[in-house]
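Trainee: Have a look at this one before I ask anything.
Protein chains in written order, with this note's numbering: chain A, 78 to 264; chain B, 78 to 264.
Written out as structure tokens, the structure reads:
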């Protein structure tokens, strides 16, 4: 048996049904990326603009709660910004897949980068969620008191900013699945 | 152009080089899964068996620190156990890919399940890491004191148990990449 060249360059032999199916997948990929851009941007902005000022004793002594009081929340804003930037950069690749639906190597690269970004975004969101949970419930064993009774609106805003991030995480899982299906459908 | 059947059942036309390459990828996949099983199991056991008893004032009044004092650490143990169980269940599928290296649909399913498990494991590890960080450093703004000065060996053990989890996260990213490459190499 003699080795056969991998790419024989016969695009006319690709069944038209597969071309159509992969174009549909690529369009869905583009839409999902656009939604994830909005979600991560909204999360970063919502967390980054959170602050609450409370008067203690009288209006002259005040306590201000800001997102950057907690390093985990600063990390959350950075991670969401990085992932949002990556998604914007990946848009041209997604559009390229709509035009050339038989592309393979670029899809493998996208699956790899998407899974790295999925892990990065999940680290940021889960770490922030753990701190938010602690702020709501506190922990008697470690003697950490719940701070949400005082900083109610701060806690609410911070909790809400997690929604976009976790939505984008689900989006990334679907994006990886879509790319895998597109690779599988290649004849 | 008339539509062409996707599976024409001509295994003899698959180039032997691709068969060989995919077999190598599948063997690497199996090895990585075995390593990830050990890593997640070690993480779960290390965290689950962590406790430290400290005498306060005299030896009659004691304070005990256990992993289940903090819900995040309990969650970490559960998540690592679930992911370890999934990896064991996925082993037969990985062996099937060594035997039948041209398999496609089962690889797509594996990419999807791997990315879900990647997200789950990352949530557990990142949440635990956020709490470990807080235990080490504390937070002046929220008035949460560092507890690692007192529970030194507890903190060390808990920090070490994160290593296996983060190793398995890297393993999952490589596993997804390997499956994508195997799908891409199909002729």
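Backbone N, C-alpha and C define an ideal beta-carbon position, used for all residues, glycine too. A quick note: this is a predicted structure, and the numbers were derived from the prediction, not measured.
#1: Considering only residues of the same chain and omitting the five flanking positions on each side of residue 256 of chain B, which have a CB-CB separation below 6 Å?
#2: One question on the structure: do residue 195 of chain B and residue 110 of chain B come within less than 7 Å of each other, judged by their Cβ atoms?
#3: Establish whether the CB of residue 106 of chain A and some CB of chain B are separated by less than 7 Å.
#4: Specify the secondary structure class of residue 222 of chain B as computed by DSSP and reduced to three states.
#5: Looking only at its chain, what residues have a beta carbon closer than 7 Å to the beta carbon of residue 212 of chain A, apart from the 5 residues adjacent to it on each side?
#6: Considering Cα atoms alone, identify which of A/174, A/247 and A/220 is closest to residue 202 of chain A.
#7: With a threshold of 7 Å between beta carbons, is residue 261 of chain A in contact with chain B?
#8: Measuring straight from C-alpha to C-alpha, what distance separates residue 220 of chain A and residue 221 of chain B?
#9: Using a C-beta cutoff of 7 Å, does residue 228 of chain B count as contacting chain A?
#10: How many angstroms separate the CA atom of residue 265 of chain A from the CA atom of residue 161 of chain A?
#11: Is it the case that the Cβ atoms of residue 205 of chain B and residue 151 of chain B are separated by a distance below 7 Å?
#12: Could you check the C-alpha separation between residue 81 of chain A and residue 97 of chain B for me, to the nearest Å?
#13: Which residues of chain B have a Cβ atom closer than 7 Å to the Cβ of residue 149 of chain A, listed in chain order?
#14: Which residues in chain B sit within 8 Å of residue 253 of chain A, going by Cβ to Cβ distance?
#15: Cα-Cα, which of B/230, B/166 and B/209 is closest to residue 153 of chain B?
#16: So, at 6 Å on beta carbons, what are the nonlocal neighbours of residue 228 of chain B in its own chain, with the 5 sequence-adjacent residues on each side left out?
#17: How about residue 119 of chain A: is its C-beta nearer than 7 Å to some C-beta of chain B?
#18: Kindly indicate which three-state DSSP category residue 86 of chain B falls into: helix, strand or coil?
#19: Helix, strand or coil: which one does DSSP assign to residue 258 of chain B?
#20: In terms of alpha-carbon separation, which member of B/114, B/113, B/253 and B/119 lies closest to residue 327 of chain A?
#21: Could you tell me whether any Cβ in chain A is nearer than 7 Å to the Cβ of residue 199 of chain B?
#22: From what residue to what residue does the alpha helix (DSSP H) around residue 145 of chain A run?
#23: Does any CB atom of chain B fall closer than 7 Å to the CB of residue 155 of chain A?
#24: Tell me whether residue 130 of chain A sits in a helix, a strand or coil according to DSSP, three-state version.
#25: Exposed or buried, which one is residue 217 of chain B when buried takes at least 16 other CB atoms within 10 Å?
#26: Excluding sequence positions up to five away, which residues of its chain have a Cβ less than 6 Å from the Cβ of residue 235 of chain A?
#27: Cα separation between residue 245 of chain A and residue 175 of chain B?
#28: Between the Cα of residue 198 of chain B and those of B/178, B/155 and B/105, spot the shortest distance and give me the residue it belongs to.
#29: Counting only runs of 4+ residues fully inside the segment 178 to 225 of chain B, write out the alpha helix (DSSP H) ranges in chain order.
#30: Against residue 195 of chain B, what residues of chain A qualify as contacts under a CB-to-CB distance less than 7 Å, listed in chain order?
#31: Answer yes or no: does any C-beta atom of chain A fall closer than 7 Å to that of residue 85 of chain B?
#32: On the DSSP bridge list, what partners appear for residue 97 of chain A?
#33: If distances are taken between C-alpha atoms only, which option among A/250, A/147 and A/103 comes closest to residue 177 of chain A?
#34: Apart from the five residues just before and just after residue 249 of chain B, which ones in its own chain have a Cβ nearer than 6 Å to its Cβ?
#35: Give every residue of the same chain whose Cβ lies closer than 6 Å to the Cβ of residue 260 of chain A, excluding the five residues on either side of it in the sequence, and list them in chain order.
#36: What does DSSP give as the partner residue(s) for residue 140 of chain A in the beta ladder?
Mentor: Short version:
#1: 184, 187 and 188
#2: no
#3: no
#4: coil
#5: 223, 224, 225 and 232
#6: A/247
#7: yes
#8: 8 Å
#9: no
#10: Since the first residue of chain A shown is 78 and the last is 264, residue 265 of chain A is not available in this structure.
#11: no
#12: A caution first: residue 81 of chain A carries a pLDDT of 41, below 50, which makes its placement in the model too unreliable to give a value.
#13: 207
#14: 188, 189, 192 and 253
#15: B/209
#16: 129 and 142
#17: no
#18: The predicted position of residue 86 of chain B is uncertain, since its pLDDT is 39 and thus under 50; a value taken from the coordinates is nonetheless stated next. Here residue 86 of chain B sits in coil by DSSP.
#19: helix
#20: Beyond the ends of chain A as shown, which are 78 and 264, falls residue 327 of chain A; an answer cannot be given.
#21: yes
#22: From DSSP, residue 145 of chain A is part of no alpha helix (DSSP H); its letter is neither H nor E.
#23: no
#24: strand
#25: exposed
#26: 127 and 209
#27: 34 Å
#28: B/155
#29: 182 to 214
#30: 192, 195 and 196
#31: Confidence is the limiting factor: at residue 85 of chain B the pLDDT is only 39, short of 50, which leaves the residue's position unreliable and the question unanswerable from this model.
#32: Residue 97 of chain A pairs with nothing; no bridge assigned.
#33: A/103
#34: 191 and 195
#35: 184
#36: A/131
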